[in-house]
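Visitor: Please see the structure below; I have some questions.
Residue numbers (the numbering used here): 288 to 401.
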């Protein structure tokens, strides 16, 4: 139901800066399990051309807590592959609250544990 209500206003935009070998992802609207899967597929398919990823969550308006573990696992997997994910811009309250709700705020990732 959550995904149905927000699917029309959600997007994942991706670009690669070939000069700096940087992948930039911007998630807008509701951050859902589907968006987390799109994020994972995008970074896995482009990791060969990218040294690190920038993730912008500034325009995230709602977060389905079921996606937090998947997003965290993707970031951890990329870090282990020496393809770190850095947060670009501010971390919205909707995201930080959802991460705190599921207990992932104590991990060192994105805007947490820094």
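Even glycine gets a Cβ: it sits at the ideal position worked out from N, Cα and C. Everything numeric in this text was worked out from a predicted model, so none of it was measured.
Once you ignore the five residues that flank residue 310 on each side, which residues in its own chain have a CB closer than 6 angstroms to its CB?
Guide: Contacts found: 303, 333, 337 and 340.
Visitor: Output the distance between the C-alpha atoms of residue 388 and residue 322, rounded to the nearest integer angstrom.
Guide: Taking the straight line from one Cα to the other gives about 19 angstroms.
Visitor: Looking at the unbroken alpha helix (DSSP H) that takes in residue 319, where does it start and where does it end?
Guide: First-last for residue 319: undefined, no H or E at that position.
Visitor: If you drop the 5 nearest sequence neighbours on each side, which residues of the same chain put their C-beta closer than 6 angstroms to that of residue 301?
Guide: So the list reads 312 and 329, once near-sequence residues are dropped.
Visitor: Which same chain residues, not among the five before or five after residue 348, have their C-beta less than 7 angstroms away from its C-beta?
Guide: Closer than 7 angstroms at Cβ, skipping near neighbours: 316, 317 and 381.
Visitor: Since I believe residue 345 is in contact with residue 376 (beta carbons under 8 angstroms), could you give me their beta-carbon distance rounded to a whole number of angstroms?
Guide: Yes, they are in contact, since the Cβ atoms of residue 376 and residue 345 sit about 4 angstroms apart, within 8 angstroms.
Visitor: Measure how close the beta-carbons of residue 354 and residue 378 come, nearest whole angstrom, since I'm counting them as under 8 angstroms.
Guide: No, residue 354 and residue 378 are not in contact; Cβ-Cβ is about 15 angstroms, not under 8 angstroms.
Visitor: Tell me the DSSP secondary structure of residue 344 in three-state form.
Guide: Coil, per DSSP.
Visitor: According to the Cβ coordinates, are residue 342 and residue 372 closer than 8 angstroms?
Guide: Yes. Within cutoff.
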